[in-house]
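Protein chains in written order, with our numbering: chain D, 150 to 281; chain U, 150 to 281.
Comments concern the structure below.
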DNA sequence: GGTTCTGTTATACAAATATTATAACAGGCT
DNA sequence: AGCCTGTTATAATATTTGTATAACAGAACC
């Protein structure tokens, strides 16, 4: 587990942890079926409170990234609710694209950046390397 | 001014206001040079405290969307810092694309959504309607 | 069976943040 | 002079965030 927490960030610790785990899944550092450390153990190695880790795990569960196996702890298990995911994506994109548009970032530049970032993530399309 | 605040949202009021004004600029409902209502007036029409509006305006100023003219109040004035804007865009995209990737949303779908949303925004490219 | 680890829940507390409330000041407008 | 502007200060309250301790039940291990 390589988790980096910036205690000077204005982003809440549980959110940083939450986001980094999602990043980890997207980049295949964590894979479906992998177990995450126990809340106490991870809290200990990071140096934060158990409840902060628990909060991140709880949210990840609600969002369908984790499931709890009594014997194996928190296990990566993606539950795909496409409609929900698409709705959230759109809502988030609306704001950040508005910002980009105001700052004269062209549509083409956004597309480029998407490709650049998505290249590091493993969507199902990534099994087939050819794209466009 | 058509501003909608959801008081049951988990998003802070000043943030909702902030985002909606940026949305308004991107969709040309507000244009460079337009004045926004005074902090007191807008606070009154929305039914919130003056300081909450002031906070939104202050942040928009820091981010380069507004300037204050002593005689005209808060005026839309975009200050483009491309490097900063691109950096922020990338940082934000990394997280939401990771989520999308985990939820099996393909790169092509993201591109489509970008086009769909960006079509409503007025980048400089929009003057020329032809794209791709 | 006893010990240890797990997730979960409850409670309490401190710190930071968000929101409201009043008030004041200086500059521009009419 | 009176009104509206942005700005600042200060205080009070509510909510959120993070920490601290404790307990419980289920699974694992010896």
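The beta carbon of each residue, even a glycine, is placed where N, CA and C say it ideally should be.
By how many angstroms is the C-alpha of residue 218 (chain U) removed from the C-alpha of residue 330 (chain D)? What is shown of chain D runs 150 to 281, which leaves residue 330 (chain D) out entirely.
Near-chain D residues of the region 249 to 263 of chain U (beta-carbon distance less than 7 angstroms), N- to C-terminal order: For the region 249 to 263 of chain U, the beta-carbon criterion of a distance under 7 angstroms to any beta-carbon of chain D is satisfied by 249, 250, 251, 252, 253, 254, 255, 256, 259, 260, 262, 263.
Counting pairs of beta carbons, one from the region 174 to 194 of chain D and one from the region 223 to 233 of chain D, are three or more of them closer than 8 angstroms? Touching, per the Cβ criterion.
Between the C-alpha atoms of residue 238 (chain U) and residue 168 (chain U), what's the straight-line distance to the nearest angstrom? Working through the second chain from its first residue, we reach residue 238 (chain U) at position 89. Working through the second chain from its first residue, we reach residue 168 (chain U) at position 19. The C-alpha of residue 238 (chain U) lies about 15 angstroms from the C-alpha of residue 168 (chain U).
Going along chain D, which residues have a C-beta under 7 angstroms from residue 223 (chain U)? On the second chain, residue 223 (chain U) is found 74 positions in, with the first residue counted as 1. Within chain D, not a single residue places a beta-carbon under 7 angstroms from that of residue 223 (chain U); the smallest gap is close to 15 angstroms.
Just to confirm, is the Cβ distance from residue 210 (chain U) to residue 204 (chain U) under 8 angstroms? Along the second chain, read from residue 1 onward, the residue named residue 210 (chain U) stands at position 61. Along the second chain, read from residue 1 onward, the residue named residue 204 (chain U) stands at position 55. Result no, Cβ atoms of residue 210 (chain U) and residue 204 (chain U) do not sit closer than 8 angstroms.
To the nearest angstrom, how far is it from the Cα of residue 165 (chain U) to the Cα of residue 246 (chain D)? As a working mapping, residue 165 (chain U) is identified with position 16 in the second chain. As a working mapping, residue 246 (chain D) is identified with position 97 in the first chain. Using only the alpha carbons, I get a separation of about 16 angstroms.
Residue 96 (chain D), DSSP secondary structure in three states: Absent from the structure is residue 96 (chain D), since the part of chain D shown begins at 150 and ends at 281.
First and last residue of the alpha helix (DSSP H) that includes residue 224 (chain U)? To locate residue 224 (chain U), count along the second chain from 1; it is residue 75. That residue, residue 224 (chain U), is in no alpha helix (DSSP H); its beta strand (DSSP E) goes 222 to 225.
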